[in-house]
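Asker:
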Amino acid sequence: MRSNQQSGQFRWDHAASLMPVGGAAQQCPQGALVPDLLHDCDQVAVVYDKGQTPPEITIMQVSGFVHTVLADGIAVAVVACTSGPAPSAENVLLVERSS
Numbered sequence: 281m282r283s284n285q286q287s288g289q290f291r292w293d294h295a296a297s298l299m300p301v302g303g304a305a306q307q308c309p310q311g312a313l314v315p316d317l318l319h320d321c322d323q324v325a326v327v328y329d330k331g332q333t334p335p336e337i338t339i340m341q342v343s344g345f346v347h348t349v350l351a352d353g354i355a356v357a358v359v360a361c362t363s364g365p366a367p368s369a370e371n372v373l374l375v376e377r378s379s
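Residue numbers (my numbering): 281 to 379.
1) Using the rule of at least 16 other Cβ atoms within 10 Å of the residue's Cβ for burial, across every protein chain shown, is Val-342 buried or exposed?
2) Please look up how many angstroms separate the CB atoms of Ile-337 and Val-346, rounded, as I've assumed it's under 8 angstroms.
3) Considering only residues of the same chain and omitting the five flanking positions on each side of Val-327, which have a CB-CB separation below 7 angstroms?
4) Nearest by alpha-carbon distance to Gln-307: which of Asp-322, Val-314, Gly-331 is it?
5) First and last residue of the beta strand (DSSP E) that includes Ala-274?
6) DSSP beta-bridge partners for Asp-352?
7) CA-CA distance, Thr-333 and Asp-352?
8) Between Asp-329, Ala-325, Val-372, Gly-344, which has its C-alpha nearest Thr-362's C-alpha?
9) Return the chain-ordered list of same chain residues with a C-beta closer than 7 angstroms to the C-beta of Ile-354, the five sequence neighbours on each side being excluded.
Take a look at the structure:
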């Protein structure tokens, strides 16, 4: 990766975890938002432990334009978007966390 932690269109140095900073380490998938330089939105990333099987990503519509992103049935993000397409499982980034 480059020194500014930019890899292609994603700015990993500006990624925001959806978990509390002081939270205990968890053995389950966690969500993060990663800025996307090519689109005017952030991308949802799901981080899972190294050596584990990548989680199955599903999207559940909560209301008209609110969707929940689930990783192996665990809610990792809630996305509200009034313009553009609804989120899809294919657009969620899967990131393996090193130990």
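Note that the Cβ used here is the ideal one computed from N, Cα and C, for glycine as well.
Answerer: This is what the structure holds:
1) exposed
2) Wrong, their Cβ atoms sit about 17 angstroms apart, outside the cutoff.
3) Pro-309, Gln-310, Ala-312, Val-375, Arg-377
4) Gly-331
5) Residue 274 falls outside the range modelled here, since the chain spans only 281 to 379, and no answer is possible.
6) DSSP lists no partner for Asp-352.
7) 10 angstroms
8) Distance from the Cα of Thr-362 is smallest, within the candidate group Asp-329, Ala-325, Val-372, Gly-344, for Gly-344.
9) Here the set comprises Cys-308, Pro-309.
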